[in-house]
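Here is the structure we will look at, set down as structure tokens.
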Amino acid sequence: MAGRGNALNGATGASGTKILQFKLVLLGESAVGKSSLVLRFVKGQFYEFQESTIGAAFLTQTLCLDATTVKFEIWDTAGQERYHSLAPMYYRGAQAAIVVYDITNQDTFVRAKNWVKELQRQASPNIVISLTGNKADLTSKRIVEYEEAQAYAEDNGLLFMETSAKTALNVNEMFLAIAKKLPKNELPSSRNGRGTVTLDSSSARQKKQCCS
Numbered sequence: 234m235a236g237r238g239n240a241l242n243g244a245t246g247a248s249g250t251k252i253l254q255f256k257l258v259l260l261g262e263s264a265v266g267k268s269s270l271v272l273r274f275v276k277g278q279f280y281e282f283q284e285s286t287i288g289a290a291f292l293t294q295t296l297c298l299d300a301t302t303v304k305f306e307i308w309d310t311a312g313q314e315r316y317h318s319l320a321p322m323y324y325r326g327a328q329a330a331i332v333v334y335d336i337t338n339q340d341t342f343v344r345a346k347n348w349v350k351e352l353q354r355q356a357s358p359n360i361v362i363s364l365t366g367n368k369a370d371l372t373s374k375r376i377v378e379y380e381e382a383q384a385y386a387e388d389n390g391l392l393f394m395e396t397s398a399k400t401a402l403n404v405n406e407m408f409l410a411i412a413k414k415l416p417k418n419e420l421p422s423s424r425n426g427r428g429t430v431t432l433d434s435s436s437a438r439q440k441k442q443c444c445s
């Protein structure tokens, strides 16, 4: 593993394509939809009753951006309080983090801010953090205003998007925005704004939790 803030590995494929590997962690309260976002991105699927993560789930995702292949090693962490003490194991050495909250639940937004503070204090100094307001399909039940979250993100140097794992709104765009934000000398921008995704491994989960 390379030093903090750098790609885990860099290689060149047989066709001359540059391959970069980064560690990414998802943080947030239980039932905000972290696993649903990952499932939507890597498999294009959504389950109304998503099984909640126990401990953490490991997945890999590959984005093809022009002549560069970006491989994310993703740790999808459990949101239950009893697992919070394990989080440093997963964000340690991560080059990127997605902090997820539910736009219909103010408490999850407050907790998201706490996760951001923890990352800024203890994670890699150059970590790319995306604040993500999930369940954007439930606008009629909105509690956390878009402008409030956007202002917080701008003040703290975070990427920000509202997403819906259920409708796929901004899910691919969120991961692509993170990829583009990673070291510019290693990662070129995508010209078409959308990459292709492949799933390399799956995760083991238990218990059912309704997440969108």
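Residue 234 is where the sequence shown starts when you use my numbering, and the numbers rise one by one after that.
Note that CB positions come from ideal geometry on N, CA and C, so glycine has one too.
Computed from a prediction, not measured in an experiment: that's the story for all the values here.
CB of residue i within 8 Å of CB of residue j, strictly
i    : j    : result
M407 : T365 : yes
T400 : N367 : no
G261 : A345 : yes
A398 : F279 : yes
V332 : W308 : no
Y323 : V265 : no
G326 : S357 : yes
V377 : Q339 : yes
T302 : T250 : yes
A412 : L298 : yes
S318 : A290 : no
Residue span of the alpha helix (DSSP H) that contains residue i, given as start and end
i    : result
T310 : Where T310 is concerned, there is no enclosing alpha helix (DSSP H), although the beta strand (DSSP E) it sits in stretches over 301-310.
A320 : 320-324
V271 : 267-276
Inter-residue CB distance, residue i and residue j (contact presumed, cutoff 8 Å)
i    : j    : result
V258 : T293 : Contact flag wrong, Cβ pair sits at about 13 Å.
A330 : I360 : 6 Å
L409 : L296 : 7 Å
R273 : I336 : Their Cβ separation, rounded to whole angstroms, is 16 Å, which puts R273 and I336 out of contact at 8 Å.
E306 : Q254 : 6 Å
N403 : M394 : 5 Å
K304 : I252 : 7 Å
Endpoints, the beta strand (DSSP E) within which residue i is located
i    : result
A330 : 329-335
F255 : 251-261
inquiry  = Could you tell me which whole alpha helix (DSSP H) segments of length 4 or greater appear in the segment 349-416?
reply    = 379-388, 404-414
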